[in-house]
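As numbered in numbering that gives the first Met the number 0, residues 0 to 389 make up the sequence shown, in order.
A virtual CB, placed ideally from N, CA and C, is assigned to each residue, including glycine.
A short worksheet on the structure shown next.
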Amino acid sequence: MITTTLSESRLARGWPPPSCTSVCGAAETVAARENRVQKAGSRRSGFMSGERDASGSGAPRLMPGFFVRMPFGYVACWGDMELRHLRYFAVVAETLHFSRAAERLHVTQPALSRQIRDLEGELGVTLLRRHRTQTALTPAGEQFLRRTREILAATEEAVLEVRTLGRSLRVGHYGTLWTDYFGAALRRFSRAHRELSLTPVELTPVDLVAALRRDELDFALVGGVSPRLEREFATRRLCALDAVLALAADHPLAKRRRLTLSDLRDADWVVWDEHAFPGRVDLLRTAAAKAGFTPRVVAGVDSVASMFVAVATSGAVGYVLPMTRKLPHSGVVFARLQPPAICFEMHAAWRRESRHAAVLAELAATLAEGSREGAGLRTPTATAPASGRG
């Protein structure tokens, strides 16, 4: 390790540049570098001897290292100092006790003491005052600890960022909404993040939330969010989708393509199971109350296929997401609610503490932007129809 102290006057003349006050590359002439090596009495004083710039001109050459500002100037460090030296020093400085620090680091106390002495020798300053009863930081040690924490934090952040590369993000969804309405937005996101792959996982709405809680998903498309969900996760509203009615092919109103809720005040209804689809029963009840009636519920279902079977065999009316019309639906026809009276809100949810939180927030923003491009999607307004957890 090669060290030197740079005066404030030399700094005032612009060397090293401000950007070199943390991990950086330092340019200096070979002659000046060798001169400082000799003055410092470094045990590696010959390790640079005879080095020249590739051109042979003795011009400034980039050397890896970092500068640490100390009370008396800057200490410039080159060589092979390892992060473990900084980690060891940080733990000793925090505990001010070599034995406890050694236990935390799972090393022997003599080995730890030797590492700290090596660090001080390479820096050319005393970082710690050792006494029989206590250990204390010197002013130089206090300053070096602040810079050490910054370097270690920056290193950890860089490692987390790199680990994100090439990772698969587990994205939970229900039904065909994922591709039907967000396909273009997803392709746009994938082009911008070629280092990531999106792995779709299809679950029921309630299972999506449970999987998020168990950290089995990174991101999920869910219905309307409850206060509890908003406390637990980061969320973003993406869109609202107008529900369509499902009727048996032989229903008296089956030939009409547009219906009002008032047309159905005497109808039987098939609703969504509250456990599997929280809040969807309330969507119907709220909308019906505004239309002046209470829906007569004859069945509850936990899947789209079950909804179609119940509607076709019971003669009751159901309400579904618009994209379900693309699924097989023998014996079932569809009608639009006019004016729209029920809508399913769609949100994105992800764990705030996820190491992918930034890229997941970007994914949510991309989907929200894409939702405005999709047919049949809109953002609820103050006068919008009943909406809730879909």
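For Leu220, the first and last residue of its enclosing beta strand (DSSP E):
Note, Leu220: beta strand (DSSP E), Phe218 to Val221.
According to DSSP, is Phe143 part of a helix, a strand, or is it coil?
Residue state for Phe143 is assigned as helix, using DSSP reduced to three classes.
Using only CA atoms, which one of Ala275, Thr134 and Glu81 lies nearest to Phe97?
Selected option, being the one with the closest Cα: Thr134.
Comparing C-alpha positions only, which one of His355, Ala367 and Ala364 sits nearest to Arg169?
Looking at the Cα atoms, His355 is the closest of the given residues.
Examine chain C for any beta-carbon lying closer than 7 Å to the beta-carbon of Ile150, and answer yes or no.
In the displayed structure, chain C is absent; only one protein chain is listed.
Compute the distance between the beta-carbons of Ala233 and Arg113, then report whether it is under 7 Å.
Not closer than 7 Å, so no.
From which residue to which residue does the alpha helix (DSSP H) around Pro109 run?
Segment Gln108 to Leu122, the alpha helix (DSSP H) holding Pro109.
Under DSSP, the beta strand (DSSP E) around Ala348 begins and ends at which residues?
Residues Ile341 to Trp349.
Using DSSP with H/G/I as helix, E/B as strand and the rest coil, what is Ala275?
Coil.
Between the alpha carbons of Thr132 and Ala157, how many angstroms are there, rounded?
Between Thr132 and Ala157, the C-alpha separation is close to 39 Å.
Taking the straight line between their C-alpha atoms, what separation do you get for Gly369 and Leu144?
Going by the C-alpha atoms only, they are around 47 Å apart.
To the nearest angstrom, report how far apart Ala92 and Gln108 are at their CA atoms.
Distance from the CA atom of Ala92 to the CA atom of Gln108, rounded to whole angstroms, is 14 Å.
Please report the residue range of the alpha helix (DSSP H) in which Phe97 lies.
According to the DSSP assignment, Phe97 belongs to the alpha helix (DSSP H) that extends over Phe97 to Leu104.
Just to confirm, is the Cβ distance from Val269 to Val243 under 7 Å?
No; because the gap between Cβ atoms is not below 7 Å, this pair is not in contact.
Looking only at its chain, what residues have a beta carbon closer than 6 Å to the beta carbon of Leu185, apart from the 5 residues adjacent to it on each side?
If the five residues before and after Leu185 are omitted, its C-beta is found closer than 6 Å to no C-beta atom of its own chain.
Closer than 8 Å is the cut-off here; do at least three beta carbon pairs connect the stretch 288-300 with the stretch 319-332?
Too few Cβ pairs lie closer than 8 Å, so no.
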